[in-house]
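Notes follow the structure.
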Amino acid sequence: MSDRQFEISFRFIENAYGLAKLRMNWDTYQIDNHKARVLLTESREIGVSADGSRERDAILLLQSVLSRKGDDLYHPLSVMRIFAEIVDKYSHTMTPQQKASLKQSIETAIRSISKFKHLGRFRNLAELQNRLTGAVNVLR
């Protein structure tokens, strides 16, 4: 992933899902989180997907992780930051369709954050929420 070899990264992820299916009651929390990170890193490195599907897939994975886990949220929250980095890098070159789709994904992230019950456990939550809100404002 760090070498921009996303195709290989996705093959590793699919292999991990395949291995997880072989285990009874295996929670794919780590795999889902990593897949979301690779999807968003790809968008940050090469640009927003034409129809916003890559970014939508990432937020769906993150929502799934957040709905299953209430205690280990550092990783999904750190992945959400990548949305703002994408906006920083590409807001001036995105099509209206890309902006609208990315805006919707980020708004979904913000809503997910606002539903947390243990806000005191995550010191940087307000900063993340502000950063994502700022990214939404840029996309308007």
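Using our numbering, read the sequence shown as starting at 985 and increasing by one per residue. A virtual CB, placed ideally from N, CA and C, is assigned to each residue, including glycine.
Legend entry - Close beta carbons around residue 1075, own chain, < 7 angstroms, minus the five adjacent residues each side: Taking residue 1075 as the centre and dropping the five residues before and after it, the same chain places the C-beta of 1122 and 1123 closer than 7 angstroms to its C-beta, in chain order.
Inset, instruction - Starting from residue 1115, follow the alpha helix (DSSP H) in both directions and report where the run begins and ends. - result: 1109-1123
Inset, instruction - Give the secondary structure of residue 1072 by DSSP, where H, G and I count as helix, E and B as strand, and everything else as coil. - result: If DSSP states are grouped into helix, strand and coil, residue 1072 belongs with the helices.
Legend entry - Rounded separation between residue 998 and residue 1041 - CA only: 15 angstroms
Inset, instruction - Give the C-beta separation of residue 1038 and residue 1026 to the nearest angstrom, bearing in mind that I take them to be a contact with Cβ-Cβ under 8 angstroms. - result: 7 angstroms
Inset, instruction - Report buried or exposed for residue 996, applying the criterion of at least 16 other Cβ atoms within 10 angstroms of its Cβ. - result: Residue burial is scored here from C-beta neighbours: residue 996 has fewer than 16 other C-beta atoms within 10 angstroms and is therefore classed as exposed.
Legend entry - Simplified DSSP state of residue 1086, which is helix, strand or coil: helix
Legend entry - Beta-carbon gap between residue 1036 and residue 1085 smaller than 8 angstroms: At a Cβ-Cβ threshold of 8 angstroms, residue 1036 and residue 1085 count as neighbours.
Inset, instruction - Please list, in chain order, all residues of the same chain as residue 1078 whose beta carbon is under 6 angstroms from its beta carbon, the five residues on each side excluded. - result: 1032
Legend entry - 8 angstroms Cβ cutoff met for residue 1051 and residue 1067: no
Legend entry - Backbone CA spacing between residue 1057 and residue 1006 [nearest angstrom]: 25 angstroms
Legend entry - Same chain, Cβ closer than 7 angstroms to residue 1043, five either side skipped, listed in chain order: 1089, 1092 and 1093
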